[in-house]
Amino acid sequence: MLLSPSLLIIFGFLVIPMFWSLYYSFTKGGMLGKHTFVGLQNYVKAFQHPIFLQTLRNTTLYAVMTVPTVIVLALIVALIIFQLPRMQGFFRGTVYFPLITPVVIAANIWAYIVNRDFGPMNHILKLFGVTPIDWLGDPFWAIPAIVMMEIWRGFGFYVIILFAALQSVPRELYEAARIDGARSLWIIWSITIPLLRPALGFCFIMATIFNFQLFDAIYVLTKGGPAWKTSTVSWYVYQQAFQSDNVGFASTMGIVLLLVILALSLIQLRFFRSDVEY
Amino acid sequence: MAATFGGIQSRRSRFGWQTVCYILMIVISVATVMPFLFMASTSFTKSFTMMSYPPTLLPKNPSLDNYYAILFTFQEGLFPRWFLNTLFTTVCITGGSLILNTLSGYIFAKKEFYGKQVIFSLLLSTLMIPSAVTLIPAFLMINKLGLFNTYWALIIPGLSSPFGIFMMRQFISSLPSELIEVAKIDGASELRIFWSIIIPLSLPAMAALGIFTVINAWNAFLWPLIVLRSNTMRTLVVGLATVQSEFNINYGLVMAGSVLTVLPMLILYIFFQPYFVEGLRMGYGK
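Chains A and B, in that order, give the protein sequences.
Here the first sequence stands for residues 1 to 278, where the numbers follow the numbering used here.
Here the second sequence stands for residues 1001 to 1286, where the numbers follow the numbering used here.
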């Protein structure tokens, strides 16, 4: 009884909409008016649709470039902070700071930083003799520019998680390894990293789920352009549903995205399943 | 107490090694915060000197013009209205969801009922659903309920979250069940137990969840962008994102608005930081 308000909201705004979307994905129609059942037609169309395939490729590219980088960086930073005798809290607080700001604002600032004519990024590159790059306007550089922003804004989250995991590794293991004469880098590689496996797995799954939904940064920085080159699936779904009033097809693409995320999460869950207990 | 790999390094090299670590962390921290210093600096720069090159961290002729403009003259005082919209919805979402999530967390932690495990795993699996899937039906639902372009459209879906329920359940599971049993024997009602025993004991976890909820509600973008249409109803973040595309970009003005948007969260972050890190640890396990 007391559970009902919470369940009503979660089922009402998450679970039911998911099945509703699944139904729409088999229909044709706009926001208002009738939806006619068309079977698998939308799915067939999706896998022949050049723009959708492009956005799916882009989304994968963003994730492939962002997820491993952000986690390796976070692991290194967490290990460094862990070595410090003082100010651990201060540094953790600092690297997490970008995450308390809205993506929209972070992206606005980023647009200034990578601006071709007066941004600091090109200014620094110029000192090394690099000719100014039109980061967000050039189809080749736009995706890396957005990936850099995502890395800068997001890595602090994984630092906190991995740091907490480091704290829970028993000290005796290190002591024992040291008595055996092991070098510190070897200790990190052969003891710390295997013990962090569950936490690393968690980070990879979360990062995959987050990065496959990239939207806010695209909205602010490029609106998916030039020529859909930076568009993600989420952006294209939004564009089709709320600007082109193509609800059926938008739902189909959303469901495909859900299936991709689900499949990747399950694969990662299996890969990171750990037998090590401590 | 600092936790380190104490003893890994030999005594002689430890000092040098730690110095290297400090220098690395200072470089990383500065690089992380630097873009925000640019934001602050730009907000104090008059727009016509904005395109000055090379970029500088300190404004050459600092002025408060941008702040005056965004607070008083911009669209006849629209910005303060956006601020109040955001404040009102954030307060409602945070207050409501703290009570509902704690209540649900308590029930999942301490009560037995038919189908509990199934419902709980279903709740957790909703964390994987991308917003692209739920967006359209949720939007249509808000329309059907006649809530389009009202504060309720923001508040109601925010009143409960799978993550919040999960976090509160984890915390309340660790509380001793004997307390509840004793209260029951003394004849306390369910609501009384929740109000006088569970809530006071859960305050640390509620503080952590509360600050997450405040930040998420304050910074939300996609959902408010869709369900709020008129200019006066916008939240700060949506306002800042759309201002950019609708008018000629005046970076100084946008950055002044950004500083005013981030500032309340920064203050909250500084005061509640211990709860914050603790909350992340509680919510995400090991």
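Ideal Cβ positions, reconstructed from N, Cα and C, are used throughout, including at glycine.
Pick out whichever of A:247, A:239 and A:200 has its Cα sitting closest to the Cα of residue 75 of chain A. Residue numbering aside, residue 75 of chain A sits at position 75 when the first sequence is read from its first letter. Here the closest residue by C-alpha is A:200.
Please confirm whether residue 1042 of chain B and residue 1255 of chain B have their CB atoms less than 9 Å apart. If you number the second sequence from 1, residue 1042 of chain B lands on position 42. If you number the second sequence from 1, residue 1255 of chain B lands on position 255. Yes, the Cβ-Cβ distance between residue 1042 of chain B and residue 1255 of chain B is below 9 Å.
For residue 136 of chain A, would you say it is in contact with chain B, using Cβ-to-Cβ distances shorter than 9 Å as the test? Translated into the one-based positions of the first sequence, residue 136 of chain A becomes position 136. No - not a single Cβ of chain B is within 9 Å of the one on residue 136 of chain A.
Going by DSSP in three states, residue 37 of chain A sits in which element: helix, strand or coil? The residue you call residue 37 of chain A lines up with position 37 of the first sequence. Here residue 37 of chain A sits in strand by DSSP.
Span separating the alpha-carbon of residue 78 of chain A from that of residue 29 of chain A: Counted from its first residue, the first sequence places residue 78 of chain A at position 78. Counted from its first residue, the first sequence places residue 29 of chain A at position 29. If I take the Cα positions, the gap works out to 50 Å.
Listing by chain order, which chain B residues have their CB less than 9 Å from the CB of residue 108 of chain A? Here residue 108 of chain A corresponds to residue number 108 of the first sequence, with the count starting at 1. Simply 1039, 1240, 1241, 1244, 1251, 1254, 1255 and 1258.
Tell me, please, whether the segment 1136–1143 of chain B touches the segment 4–18 of chain A by the rule of three or more beta-carbon pairs shorter than 8 Å. Between the segment 1136–1143 of chain B and the segment 4–18 of chain A there are three or more C-beta pairs closer than 8 Å, enough to call the two in contact.
Would you say residue 1277 of chain B faces chain A, with C-beta separation under 9 Å as the test? Within the second sequence, the letter at position 277 stands for residue 1277 of chain B. Yes, its Cβ sits closer than 9 Å to a Cβ of chain A.
So, are the CB atoms of residue 1154 of chain B and residue 1241 of chain B less than 9 Å apart? Mapped onto the second sequence, residue 1154 of chain B falls at position 154. Mapped onto the second sequence, residue 1241 of chain B falls at position 241. No, the Cβ-Cβ distance between residue 1154 of chain B and residue 1241 of chain B is not below 9 Å.
List the residues that DSSP assigns as beta-bridge partners of residue 27 of chain A. The residue labelled residue 27 of chain A in the question sits at position 27 within the first sequence. Beta-bridge pairing links residue 27 of chain A to A:37.
Cβ pair residue 169 of chain A, residue 125 of chain A closer than 9 Å: Translated into the one-based positions of the first sequence, residue 169 of chain A becomes position 169. Translated into the one-based positions of the first sequence, residue 125 of chain A becomes position 125. The answer is no: Cβ separation not under 9 Å.
Throw me the rounded Cβ distance for the residue 1199 of chain B and residue 1102 of chain B pair, which I believe falls under 8 Å. Translated into the one-based positions of the second sequence, residue 1199 of chain B becomes position 199. Translated into the one-based positions of the second sequence, residue 1102 of chain B becomes position 102. Yes, residue 1199 of chain B and residue 1102 of chain B are in contact; Cβ-Cβ is about 7 Å, under 8 Å.
CA-to-CA distance, residue 244 of chain A to residue 237 of chain A, given in whole angstroms: Walking along the first sequence from the start, residue 237 of chain A turns up at place 237. Walking along the first sequence from the start, residue 244 of chain A turns up at place 244. Their backbone Cα atoms lie some 10 Å apart in a straight line.
Report yes or no: do three or more beta-carbon pairs, one from the segment 176–193 of chain A and one from the segment 1197–1214 of chain B, lie closer than 8 Å? no
Opening and closing residue of the alpha helix (DSSP H) in which residue 1060 of chain B lies: The sequence position of residue 1060 of chain B within the second sequence is 60, counting from 1. Boundaries cannot be given for residue 1060 of chain B, as no alpha helix (DSSP H) includes it and DSSP labels it neither H nor E.
Which bits of chain B does residue 219 of chain A rub up against, with CB to CB less than 7 Å? The residue labelled residue 219 of chain A in the question sits at position 219 within the first sequence. In chain order: 1241.
Of all the CB atoms in chain B, is at least one closer than 9 Å to the CB of residue 94 of chain A? As a first step, residue 94 of chain A must be located in the first sequence, where it is residue number 94. Interface residue, yes.
Is residue 92 of chain A helix, strand or coil by DSSP? Here residue 92 of chain A refers to the residue found at position 92 of the first sequence. Residue 92 of chain A falls in the helix class under three-state DSSP.
Spatial neighbours of residue 108 of chain A in its chain, beta-carbon cut-off 8 Å, leaving aside the 5 residues before and after: Taking the first residue of the first sequence as position 1, residue 108 of chain A is located at position 108. Result list for residue 108 of chain A: 220, in chain order.
Of all the residues that make up the segment 56–86 of chain A, which are near chain B by a beta-carbon distance shorter than 8 Å? 77, 80, 81, 82, 83, 84, 85 and 86
Residue burial classification, residue 31 of chain A (beta-carbon count within 10 angstroms, cutoff 16): For this step, residue 31 of chain A is matched to residue 31 along the first sequence. The residue is exposed, with fewer than 16 neighbouring Cβ atoms inside 10 Å.
Shorter than 9 Å from the beta carbon of residue 102 of chain A to some beta carbon of chain B? Looking up residue 102 of chain A in the first sequence gives position 102. Chain B, which has a Cβ nearer than 9 Å to the Cβ of residue 102 of chain A, makes this yes.
Give a yes or no on whether 9 Å exceeds the smallest Cβ distance from residue 1067 of chain B to chain A. Against the second sequence, residue 1067 of chain B aligns to sequence position 67. Output row for residue 1067 of chain B: interface = no.
Return the CA-CA distance between residue 95 of chain A and residue 203 of chain A, expressed in angstroms with no decimal places. Here residue 95 of chain A corresponds to residue number 95 of the first sequence, with the count starting at 1. Here residue 203 of chain A corresponds to residue number 203 of the first sequence, with the count starting at 1. If I take the Cα positions, the gap works out to 16 Å.
If we define contact as Cβ-Cβ less than 9 Å, is residue 1117 of chain B a contact residue for chain A? If you number the second sequence from 1, residue 1117 of chain B lands on position 117. Not an interface residue.
Using CA coordinates, which residue listed in A:262, A:8 and A:68 is at the minimum distance from residue 148 of chain A? As a first step, residue 148 of chain A must be located in the first sequence, where it is residue number 148. Selected option, being the one with the closest Cα: A:68.
7 Å Cβ cut-off: residues of chain B touching residue 189 of chain A: Here the question's residue 189 of chain A lines up with position 189 in the first sequence. The contacting residues do not exist; residue 189 of chain A stays about 13 Å from chain B at best.
Residue 1028 of chain B versus residue 1187 of chain B: straight-line alpha-carbon distance, rounded: As a working mapping, residue 1028 of chain B is identified with position 28 in the second sequence. As a working mapping, residue 1187 of chain B is identified with position 187 in the second sequence. Taking the straight line from one Cα to the other gives about 57 Å.
Have a look at residue 115 of chain A and residue 1228 of chain B and give me their C-alpha separation to the nearest angstrom. Looking up residue 115 of chain A in the first sequence gives position 115. Looking up residue 1228 of chain B in the second sequence gives position 228. So the two alpha carbons sit approximately 31 Å from each other.
Going along the chain, which residues of the segment 42–55 of chain A sit with their C-beta nearer than 8 Å to a C-beta in chain B? none
Would you kindly check if the distance between the Cβ of residue 263 of chain A and the Cβ of residue 63 of chain A is under 9 Å? The residue given as residue 63 of chain A occupies position 63 in the first sequence. The residue given as residue 263 of chain A occupies position 263 in the first sequence. Taking 9 Å as the Cβ cut-off, residue 63 of chain A and residue 263 of chain A do not qualify as a contacting pair.
Distance between residue 100 of chain A and residue 1215 of chain B (C-alpha atoms, nearest Å): Here residue 1215 of chain B corresponds to residue number 215 of the second sequence, with the count starting at 1. Here residue 100 of chain A corresponds to residue number 100 of the first sequence, with the count starting at 1. Residue 1215 of chain B and residue 100 of chain A: Cα-Cα distance of roughly 6 Å.
Please tell me whether residue 1217 of chain B has its Cβ less than 9 Å away from any Cβ of chain A. Here residue 1217 of chain B is taken as the residue at index 217 of the second sequence, counted from 1. No, because no Cβ of chain A sits closer than 9 Å to the Cβ of residue 1217 of chain B.
Could you tell me which chain B residues have their CB closer than 8 Å to the CB of residue 158 of chain A, listed as they occur along the chain? Numbered from 1 along the first sequence, position 158 holds the residue referred to as residue 158 of chain A. Within 8 Å Cβ-Cβ: nothing; residue 158 of chain A doesn't reach chain B, min ~10 Å.
What is the C-beta distance between residue 198 of chain A and residue 272 of chain A, in whole angstroms, given that I count them as a contact (C-beta under 8 Å)? Within the first sequence, the letter at position 198 stands for residue 198 of chain A. Within the first sequence, the letter at position 272 stands for residue 272 of chain A. Residue 198 of chain A to residue 272 of chain A, Cβ: 7 Å. Contact.
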